[in-house]
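Using my numbering, the final residue of the sequence shown is 212, and nothing's skipped along the way.
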Amino acid sequence: MFDQIYLASASPRRKELLNQLGVSFTQVANDFDETPLANESAEDYVKRLAIGKASSALPFCDPEHSLPILGADTIVVLNGIFLGKPKDLDEAKLMLRQLSGHTHQVYSGVSLCYEDKELWQISKSDVTFSQLSQQTIDAYCDTEEPLGKAGSYAIQGVAGSFVTSINGSYSGIVGLPLFETRILFEQMQVKHLLSSRLSPELLPQEGGQ
4 MFDQIYLASA SPRRKELLNQ LGVSFTQVAN DFDETPLANE SAEDYVKRLA IGKASSALPF
64 CDPEHSLPIL GADTIVVLNG IFLGKPKDLD EAKLMLRQLS GHTHQVYSGV SLCYEDKELW
124 QISKSDVTFS QLSQQTIDAY CDTEEPLGKA GSYAIQGVAG SFVTSINGSY SGIVGLPLFE
184 TRILFEQMQV KHLLSSRLSP ELLPQEGGQ
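The structure is reproduced here in structure tokens:
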């Protein structure tokens, strides 16, 4: 069983979520191009990026401490259109106007890679926004919270007050689906908060996704 992992992400949100699982980890950089491929589905996109981020982080890891590497990615999709991280607040305002009063999807991919093993899981959630006035959008963007967030919002922040309903994984919307991540830890035999309390026969078989 592995006592710790590498997290191929600088995201404070993913760090906080991993801490909830009681996993010991070291954050490392990754160097992976996040540009979507032509005609790529949301599921394929987040899977490719989650695995790619984990793989590209290997040069940033300590070569004397070979450990599993966790990669993750999240994308917001509205009517088939990818809404990634806004380049500035003007683009954030445009995205929020598009999301206002509609239901969109949030896809989160998570992967755990070690040597020749690549395990992955994907979560999909439906999120419905209330109608947002331009004044509300402007005030929200004044906080600068939308910057660096897929879809230009952080559900764990004040934007949580925009959401009328969720069908899916709250942690996946934040950036790391905890149920799916725990599955990967149990498949790869990574120690977490509950692992010492589980009998070996209750753990999923290694190698699935």
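From the three backbone atoms N, C-alpha and C, an ideal C-beta is built for every residue, glycine too.
Evaluate contact between the stretch 128-136 and the stretch 104-112, counting only Cβ atoms and requiring at least three cross-stretch pairs below 8 angstroms. yes
Spatial neighbours of Met98 within its chain, please: C-beta separation below 7 angstroms, excluding the five flanking residues on both sides. As a position in the sequence shown, residue 98 is number 95, starting the count at 1. Excluding sequence positions up to five before and after Met98, its CB lies within less than 7 angstroms of the CB of Leu86, Pro89, Gly154, Ser155, all in the same chain and listed in chain order.
Under three-state DSSP, which class holds Asn42? Your numbering for residue 42 matches position 39 in the sequence shown. Correct three-state label for Asn42: coil.
Assigned secondary structure, Lys96 (DSSP; H/G/I helix, E/B strand, else coil): Residue mapping note: residue 96 aligns to position 93 of the sequence shown, counting from 1. In this structure, Lys96 counts as helix in the three-state DSSP scheme.
Taking three-plus beta-carbon pairs below 8 angstroms as touching, is the stretch 76-83 in contact with the stretch 182-198? no
Just to confirm the assignment: which complete beta strand (DSSP E) runs, minimum length 3, are found wholly within the stretch 132-180? 166-170
Checking the sheet assignment: what are the DSSP bridge partners for Ala75? Stepping through the sequence shown from its first residue, residue 75 is reached at position 72. Answer is Val113.
Starting from Leu86, trace the beta strand (DSSP E) both ways and give me its first and last residue. The residue labelled residue 86 in the question sits at position 83 within the sequence shown. Counting along the chain, the beta strand (DSSP E) containing Leu86 begins and ends at 84-86.
Where Ser133 and Ile140 are concerned, what is the direct C-alpha to C-alpha distance, given to the nearest angstrom? On the sequence shown, residue 133 is found 130 positions in, with the first residue counted as 1. On the sequence shown, residue 140 is found 137 positions in, with the first residue counted as 1. C-alpha separation (whole angstroms): 12 angstroms.
Residues of its chain near Val177, where Cβ-Cβ distance is below 7 angstroms and the 5 sequence neighbours each way are ignored: Against the sequence shown, residue 177 aligns to sequence position 174. Here the set comprises Arg16, Leu20, Ile158, Gln159.
Taking buried to mean at least 16 other C-beta atoms within 10 Å of its own C-beta, is Leu73 buried or exposed? The residue labelled residue 73 in the question sits at position 70 within the sequence shown. Result: buried.
Would you give the residue range spanned by the beta strand (DSSP E) that Leu10 belongs to? Your numbering for residue 10 matches position 7 in the sequence shown. Note, Leu10: beta strand (DSSP E), 7-10.
Looking at the secondary structure, which residues open and close the alpha helix (DSSP H) in which Gln23 lies? Mapped onto the sequence shown, residue 23 falls at position 20. Looking at the DSSP string, the run of the alpha helix (DSSP H) that includes Gln23 is 15-23.
Tell me whether Val80 sits in a helix, a strand or coil according to DSSP, three-state version. The residue labelled residue 80 in the question sits at position 77 within the sequence shown. In the structure shown, Val80 sits in a strand (DSSP, three-state: E or B).
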